[in-house]
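A.B. asks:
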Amino acid sequence: MKHIISLGLLFFTLTAQAQSQNQNWWSIDYIYNDFKYEEPGAMSEEGGLPGLRLELGMAFSSWLGLSIKGDYVSGNLTYDGATTGGTPVTTITKDRIWSYGSRLHFIADPLTFSVGWAKRYLYNNLVVSYRREQTYNYTPISVTYNSTPVYLTLEYRKFISGVNLTHKSDVDPARKDVTLNQDTGRGYSVEVGYNIPASPIQTRLSLQYSRWDIEQSDVQNDNVDDLVEPKNKTQELTFGIGLIF
Numbered sequence: 000m001k002h003i004i005s006l007g008l009l010f011f012t013l014t015a016q017a018q019s020q021n022q023n024w025w026s027i028d029y030i031y032n033d034f035k036y037e038e039p040g041a042m043s044e045e046g047g048l049p050g051l052r053l054e055l056g057m058a059f060s061s062w063l064g065l066s067i068k069g070d071y072v073s074g075n076l077t078y079d080g081a082t083t084g085g086t087p088v089t090t091i092t093k094d095r096i097w098s099y100g101s102r103l104h105f106i107a108d109p110l111t112f113s114v115g116w117a118k119r120y121l122y123n124n125l126v127v128s129y130r131r132e133q134t135y136n137y138t139p140i141s142v143t144y145n146s147t148p149v150y151l152t153l154e155y156r157k158f159i160s161g162v163n164l165t166h167k168s169d170v171d172p173a174r175k176d177v178t179l180n181q182d183t184g185r186g187y188s189v190e191v192g193y194n195i196p197a198s199p200i201q202t203r204l205s206l207q208y209s210r211w212d213i214e215q216s217d218v219q220n221d222n223v224d225d226l227v228e229p230k231n232k233t234q235e236l237t238f239g240i241g242l243i244f
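Residue 127 in numbering that gives the first Met the number 0 sits at position 128 of the sequence shown, with consecutive numbering throughout.
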C-alpha cells in the first residue's frame, strides 16, 4: 500500500508539471502472449493469451520522464500434470494475467535508464481441480537504446515478494485455502521494437521475451497435507502492434 500511495502522489505531482508543458503521450497495443509455465518434473501449462496494453508517458524535461503501463491477457492454456491425488491429467485451463507499474526515466540520448515498481497477477483456474492466484511484486531496472525508428530494451526485474493463494477447498471441503510465500526469485526481459514515424499518430511493432525463475515457497498445511509451491519458471514471448498518440 505504501508503494501505491507514493507512486500516486508522484504521478499526480509530475502529471501537473507535464501538462503545463504539454508533453504527454499515450499508447494502446494489441498483444499476443505465447505463454509457458513449468514446474520441472511435475507439471506445465502453455498456450496463447491475447490481450491489450495501455501506457501513459510524460516528459518533464530533456532528461526526465515518467510512464505508467498496464497489460491484460486472458485465454485458455493446456495443462499437463496430475491431480492432488497424483492421477495424471491433461486438460484445458482458464487463465488471465494483469501486469501494471510505473517507471521513472532518465534520458541521456540515445540511452534511457529506467527504474520503478511493478506488480504481476496471475489467475489460474484448473477447472477440473482448484484455482490458484499468484502475485509478484518487483522493481524493474532497465536500459533502452533508441536508434529511431528502432529501439532495444534490456530489463532486470528485482524480485521483492511473491504470494500464491491456493484454493484447496475447491476440491475438498475438509481442506482450507492456503497462502504460500515465494520471496526468492528473479526475472528479466528483452524487447525490440520498431516505431513507424507519422504525425500525429505513430504505429509500433514490438517483440518481447520475458522470463521468471522463482524458488520454492514456504510450507503450509491445508488441514490434510503439508503443501509447498515448487520451484518454477515462466517464459513469455509477446508480440505487440499498436498506436502511439
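Note that the Cβ used here is the ideal one computed from N, Cα and C, for glycine as well.
Would you call the CB atoms of Arg185 and Ile243 closer than 9 angstroms?
C.D. replies: Mapped onto the sequence shown, residue 185 falls at position 186. Mapped onto the sequence shown, residue 243 falls at position 244. No.
A.B. asks: Going by Cα to Cα distance, which pick from Thr111, Pro199, Arg102, Leu236 is closest to Lys118?
C.D. replies: On the sequence shown, residue 118 is found 119 positions in, with the first residue counted as 1. If we check each option's Cα against that of Lys118, Arg102 comes out closest.
A.B. asks: Spell out a yes or no on whether the region 119 to 129 and the region 86 to 100 are touching, meaning 3 or more CB-CB pairs, one atom from each, closer than 8 angstroms.
C.D. replies: Touching, yes, given that three or more Cβ pairs across the two stretches are closer than 8 angstroms.
A.B. asks: Just reading off the beta strand (DSSP E) that Tyr129 is part of, what are its end residues?
C.D. replies: Numbered from 1 along the sequence shown, position 130 holds the residue referred to as residue 129. Careful: Tyr129 lies outside any beta strand (DSSP E) and carries neither H nor E.
A.B. asks: What does DSSP give as the partner residues of Ala58 in its beta bridges?
C.D. replies: Numbered from its first residue, the sequence shown carries residue 58 at position 59. Beta-bridge pairing links Ala58 to Gly64.
A.B. asks: Quick check on the burial criterion: 16 or more other C-beta atoms within 10 angstroms. Buried or exposed for Ser61?
C.D. replies: The residue you call residue 61 lines up with position 62 of the sequence shown. That one is exposed.
A.B. asks: In chain order, what residues of the same chain lie with their CB nearer than 8 angstroms to the CB of Met42, ignoring the 5 residues before and after it?
C.D. replies: The residue given as residue 42 occupies position 43 in the sequence shown. Answer for Met42: Tyr78, Asp79, Gly80, Ala81, listed in chain order.
A.B. asks: Using a threshold of 9 angstroms, state whether the C-beta atoms of Val177 and Leu153 are closer than that.
C.D. replies: Along the sequence shown, read from residue 1 onward, the residue named residue 177 stands at position 178. Along the sequence shown, read from residue 1 onward, the residue named residue 153 stands at position 154. Result no, Cβ atoms of Val177 and Leu153 do not sit closer than 9 angstroms.
A.B. asks: Thinking just about the alpha-carbon of each residue, which of Pro229, Ile195, Tyr187 is nearest to the one in Ser209?
C.D. replies: Position 210 of the sequence shown, counted from the first residue, corresponds to residue 209. For Ser209, the nearest C-alpha among the options comes from Tyr187.
A.B. asks: Suppose the cutoff is 6 angstroms on Cβ atoms and the five residues either side in sequence are ignored; what does the same chain contact list for Gln20 look like?
C.D. replies: Counted from its first residue, the sequence shown places residue 20 at position 21. Bear in mind that a pLDDT of 49 at Gln20, under 50, signals an unreliable position, so the model cannot answer this.
A.B. asks: Can you tell me whether DSSP reads Lys167 as helix, strand or coil?
C.D. replies: As a working mapping, residue 167 is identified with position 168 in the sequence shown. DSSP places Lys167 in helix when its eight states are reduced to three.
A.B. asks: Give me the Cβ distance between Thr237 and Gln207, rounded to the nearest whole Å; I'm assuming they're in contact under 8 angstroms.
C.D. replies: Position 238 of the sequence shown, counted from the start, is the residue given in the question as residue 237. Position 208 of the sequence shown, counted from the start, is the residue given in the question as residue 207. Yes, they are in contact, since the Cβ atoms of Thr237 and Gln207 sit about 5 angstroms apart, within 8 angstroms.
A.B. asks: Nearest CA to the CA of Ser98: which residue from Lys68, Asp108, Phe105?
C.D. replies: The residue labelled residue 98 in the question sits at position 99 within the sequence shown. Considering only alpha carbons, the answer is Lys68.
A.B. asks: What are the start and end residues of the beta strand (DSSP E) that includes Arg102?
C.D. replies: Mapped onto the sequence shown, residue 102 falls at position 103. Element bounds for Arg102: 87 to 107.
A.B. asks: So within the region 131 to 200, which uninterrupted beta strand (DSSP E) runs reach at least 3 residues, ignoring any that extend past its ends?
C.D. replies: Within the region 131 to 200, the complete beta strand (DSSP E) runs of at least 3 residues are 149 to 166, 177 to 180, 184 to 195.
A.B. asks: Quick one: what does DSSP say Lys1 is sitting in, helix, strand or coil?
C.D. replies: Numbered from its first residue, the sequence shown carries residue 1 at position 2. With a pLDDT of 47 at Lys1, under the threshold of 50, the modelled position of this residue cannot be trusted; read the value that follows with caution. Lys1: helix per DSSP, three-state reduction.
A.B. asks: Of the residues Ser205, Val72, Thr147, which one's Cα is nearest the Cα of Ala197?
C.D. replies: Your numbering for residue 197 matches position 198 in the sequence shown. Taking only the C-alpha atoms, the option nearest Ala197 is Thr147.
A.B. asks: Buried or exposed: where does Leu151 fall if 16 or more other Cβ atoms within 10 Å of its Cβ makes it buried?
C.D. replies: Counting from one through the sequence shown, the residue named residue 151 turns up at place 152. Per the 10 Å Cβ criterion, exposed.
A.B. asks: Distance check for Glu228 and Leu76, CA to CA, integer angstroms please.
C.D. replies: As a working mapping, residue 76 is identified with position 77 in the sequence shown. As a working mapping, residue 228 is identified with position 229 in the sequence shown. Distance between the alpha carbons of Leu76 and Glu228 is about 19 angstroms.
A.B. asks: Of the residues Asn32, Asn23, Trp24, which one's Cα is nearest the Cα of Ile240?
C.D. replies: Taking the sequence shown and counting its residues from 1, the one referred to as residue 240 is at position 241. The residue with the shortest Cα to Cα distance from Ile240 is Asn32.
A.B. asks: Run through DSSP, which three-state label would Phe34 get?
C.D. replies: The sequence position of residue 34 within the sequence shown is 35, counting from 1. Note: Phe34 maps to strand in three-state DSSP.
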